[in-house]
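Residue numbers (my numbering): 1 to 423. The structure under discussion appears below in the form of C-alpha cells.
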Amino acid sequence: MTGKIPLAPISRARQFPRWSQIREVVRFKKPTFGLTARRLENALTVEHLRRAARRTTPRSVFDYVDGAAEEEITAARNIAAYRRVTLRPEALHSVADPELGVDLFGKRIPIPLVFAPTGYTRMMHHHGEAAVARVAEHFGVPYSLSTVGTTSIEDVRGAAPGGDLWFQLYRTNDAATNELLVSRAEAAGYSTMLLTVDTSVAGKRLKDVVNGLTIPPALTARTILNMSMFPAWWYNKLTTPGIGFASLSGVEGNLSSEDVARTLFDPGLDFAALEWLRERWPGKLLVKGITTPESAREVVRRGADGVVVSNHGGRQLDRSAATLDVLPAVRAAVGPEATVLIDGGIRHGQDIVAARASGADAAMVGRAYLYGIMAGGQDGVVRAYEILADEYQRCMQLLGVRRTEDLGERHVALPRSAELHGN
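Listed below in C-alpha cells is the structure:
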C-alpha cells in the first residue's frame with residue numbers, strides 16, 4: 001500500500017480581472033447590418049448558400065437550379081464521386097506564399113476555376129448574368145455566357161469590358177441563327193467558344209414539369225401561389241426588364257419560347273457541326289458534353305482545342321457516369337496538350353483540388369454560384385467564389401502542395417472501377 005504524497009495546498013486567493021485582461025481573450029464580433037449581408041456572412045460553405053437560396057427563392061425557381069433529369073441518379077453520382085476521393089498529404093513541404101494560379105489558354109487565372117454557362121439566370125435573381133460576369137472579371141476568372149442566357153452577348157460585355165468572356169453555343173437547327181450568334185460573340189470580343197453536344201433532345205426534368213417551368217412555360221396555380229410568398233422576388237421581376245432569351249432576341253422574327261424549344265434541340269447534331277464551327281470560329285474551341293475517351297479523342301482530332309468533361313450536371317441523360325470517374329481516362333485519351341475542363345457536382349474547394357489532381361486543367365462551377373446569386377445577388381456570387389477559393393487554398397496547403405502546377409495524381413486516391421460497381 002502506497003502512502004499519501006504530500007502536496008502543497010492550492011491557493012484559493014481570488015481577484016477580479018481588469019477589463020484590459022478580459023479584452024485580450026474576449027473579443028466581440030462587430031454587428032453586420034442588412035439582412036442580405038448577414039445571410040452571406042453566415043454562409044461558410046456552398047451548402048450554406050444552397051440552404052439560404054431555398055429560403056429566399058420560390059420553390060419552382062430553386063428546383064430548376066437544384067434539380068436534374070429523371071430520377072436524378074447522375075446528379076447524385078457527380079456529387080458522390082468527389083466524396084469518395086481520398087486526399088494524400090505530403091509532410092514537411094513548405095506551403096508559405098502559395099502560388100495557386102494556372103495558365104489557361106495563355107491567360108493566368110488565380111485558381112483553376114471557370115464560371116460555367118447557365119440559362120435563365122435573371123429568373124434566379126434580377127442581377128443575372130451581368131453580375132456573374134462582373135464578379136468573374138473582378139477575380140480574374142473566365143465566365144461563359146449561355147445561348148439561353150437572359151442577358152445579351154453585348155450587354156454582358158458591357159458589364160465586364162475587361163473580362164475573359166466565353167460563349168456557350170447550342171447549335172440550333174437554323175444556320176442563320178448559328179451564324180448570327182457566332183458573329184456577335186466574335187464582334188464582342190469573346191475569346192472561347194463552347195459547343196455543347198449533349199442536347200440533341202431535351203432531358204426530362206420532372207420537377208420542372210410539375211412546376212411548369214418548361215419551354216414554353218406552363219405555370220401551375222400551385223407554382224404561382226408559392227411565388228406570391230416571395231414579394232421581394234416578385235417586386236424585382238416586375239420592376240426590371242422582362243425575362244427572355246436575350247441573345248436570341250435579334251434573330252429574325254424574334255423567336256418565341258416555343259420556337260426556341262423547337263430550334264435549340266437538334267436531333268441531327270453531328271460532327272459536321274463541329275467542323276463548321278472550327279472553320280468559322282477564330283478563337284479557342286471546346287466541346288462540352290464529353291464523357292467517354294473515344295468521343296474526346298475524336299473531337300480533338302477534328303480540331304477542338306479541348307473538351308469539357310460534362311454530363312450537363314445530370315440534367316440530360318440520367319444514369320450516365322459521374323464526370324470525375326471518367327476524367328482520368330479522358331485525359332489519357334487526349335494527351336497533355338489538349339485542354340480538359342470538368343463540371344458537375346463541384347461544391348467545395350477540395351473538389352477543385354481533386355479535379356485538378358485527376359487530370360483537369362480547371363473546373364467549371366454553375367450551381368455553386370447560382371446558389372450564391374439566389375441568396376444575395378451579385379454579393380452572393382462574390383461569396384460563392386470566396387468560399388471556394390478559401391477552401392481550395394487551405395486544402396492545397398494541408399496537402400503540402402505550394403503550387404497548383406505541382407498538384408498531381410499522387411495527391412488523390414480514386415476508387416477503382418470494380419469498387420464503384422461493388423465487385
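Each residue gets a CB set at the ideal place from its N, CA and C atoms; glycine is no exception. Since we're looking at a predicted model, the values are computed, not measured.
Reducing DSSP to helix, strand and coil, say where Ala232 ends up. In the sequence shown, residue 232 corresponds to position 232, counting from 1. Look at Ala232 here: in three-state DSSP terms it is helix.
Can we say the segment 176-189 touches the segment 152-163, given the rule of at least three CB pairs closer than 8 Å? With a cut-off of 8 Å, the segment 152-163 and the segment 176-189 count as touching, because enough Cβ pairs lie within range.
Gln168 bridges to which residues according to DSSP? The count along the sequence shown starts at 1 and reaches residue 168 at position 168. According to DSSP, Gln168 bridges with Ser146, Leu194.
Given a threshold of 16 other Cβ atoms within 10 Å of its Cβ, counted over all protein chains shown, does Met227 qualify as buried or as exposed? Numbered from its first residue, the sequence shown carries residue 227 at position 227. By the neighbour-count rule (16 or more Cβ atoms within 10 Å), Met227 is buried.
Would a C-beta distance cut-off of 8 Å place Ser295 and Asp343 closer than the cut-off? Reading the sequence shown from its first residue, position 295 is the one you call residue 295. Reading the sequence shown from its first residue, position 343 is the one you call residue 343. In this structure, Asp343 does not lie closer than 8 Å to Ser295 by Cβ.
Alpha carbon to alpha carbon, what distance is there between Val197 and Lys207? Here residue 207 refers to the residue found at position 207 when the sequence shown is read from its first residue. Here residue 197 refers to the residue found at position 197 when the sequence shown is read from its first residue. Cα-Cα distance, rounded: 23 Å.
Using a threshold of 8 Å, state whether the C-beta atoms of Ala362 and Val114 are closer than that. Indexing the sequence shown from 1 puts residue 362 at position 362. Indexing the sequence shown from 1 puts residue 114 at position 114. Yes.
Leaving out five residues before and five after Asp406 in sequence, what residues of the same chain have Cβ atoms less than 8 Å from its Cβ? Taking the first residue of the sequence shown as 1, we reach residue 406 at position 406. Short of 8 Å from the beta carbon of Asp406, and not among the five residues preceding or following it, lies no beta carbon of its own chain.
Give the C-beta separation of Ala116 and Val365 to the nearest angstrom, bearing in mind that I take them to be a contact with Cβ-Cβ under 8 Å. Within the sequence shown, residue 116 is the residue found at index 116, counting from 1. Within the sequence shown, residue 365 is the residue found at index 365, counting from 1. Taking 8 Å as the upper bound for CB-CB distance, Ala116 and Val365 are in contact here, some 6 Å apart.
Quick check on the DSSP output: what are the complete alpha helix (DSSP H) runs of length 4 or more inside the segment 348-407, in order along the chain? If one requires a minimum length of 4 residues, the alpha helix (DSSP H) runs lying completely within the segment 348-407 are 349-357, 367-399, in chain order.
Using a Cβ distance threshold of 8 Å, determine whether the segment 302-316 contacts the segment 31-47, with at least three qualifying pairs required. No, they do not touch.
What first and last residue would you give for the alpha helix (DSSP H) that runs through Arg184? On the sequence shown, residue 184 is found 184 positions in, with the first residue counted as 1. Counting along the chain, Arg184 sits inside the alpha helix (DSSP H) bounded by residues 175-187.
Expressed to the nearest angstrom, what Euclidean distance is found between the alpha-carbon atoms of Met123 and Thr150? Here residue 123 corresponds to residue number 123 of the sequence shown, with the count starting at 1. Here residue 150 corresponds to residue number 150 of the sequence shown, with the count starting at 1. Computed Cα separation, rounded: 8 Å.
Quick test of the definition: if touching needs 3 or more C-beta pairs under 8 Å, does the segment 124-138 touch the segment 211-223? Touching, no.
Thr339 to Asn78, Cα distance in whole Å? Sequence index remark: in the sequence shown, residue 339 carries index 339 (1-based). Sequence index remark: in the sequence shown, residue 78 carries index 78 (1-based). C-alpha separation (whole angstroms): 21 Å.
Proximity of Ala69 and Gly203 at Cβ, strictly below 8 Å: For the purposes of this step, residue 69 is identified with residue 69 of the sequence shown, where counting begins at 1. For the purposes of this step, residue 203 is identified with residue 203 of the sequence shown, where counting begins at 1. Contact flag set, yes.
Taking the CB atoms as reference points, tell me whether Leu368 and Ala384 lie closer together than 8 Å. As a working mapping, residue 368 is identified with position 368 in the sequence shown. As a working mapping, residue 384 is identified with position 384 in the sequence shown. A quick correction: the sequence has Ala, not Leu, at residue 368. Note that the C-beta distance between Ala368 and Ala384 is below 8 Å.
My understanding is that Leu286 touches Gly268, with C-beta atoms under 8 Å, so please give their C-beta distance in whole angstroms. Counted from its first residue, the sequence shown places residue 286 at position 286. Counted from its first residue, the sequence shown places residue 268 at position 268. So it is not a contact: roughly 22 Å between Cβ atoms.
Determine the DSSP secondary structure at His421, reduced to helix, strand or coil. By one-based count along the sequence shown, residue 421 stands at place 421. Low confidence applies here, because His421 scores a pLDDT of 43, under 50, leaving its location unreliable; read the following figure in that light. Three-state DSSP puts His421 in coil, outside helix and strand.
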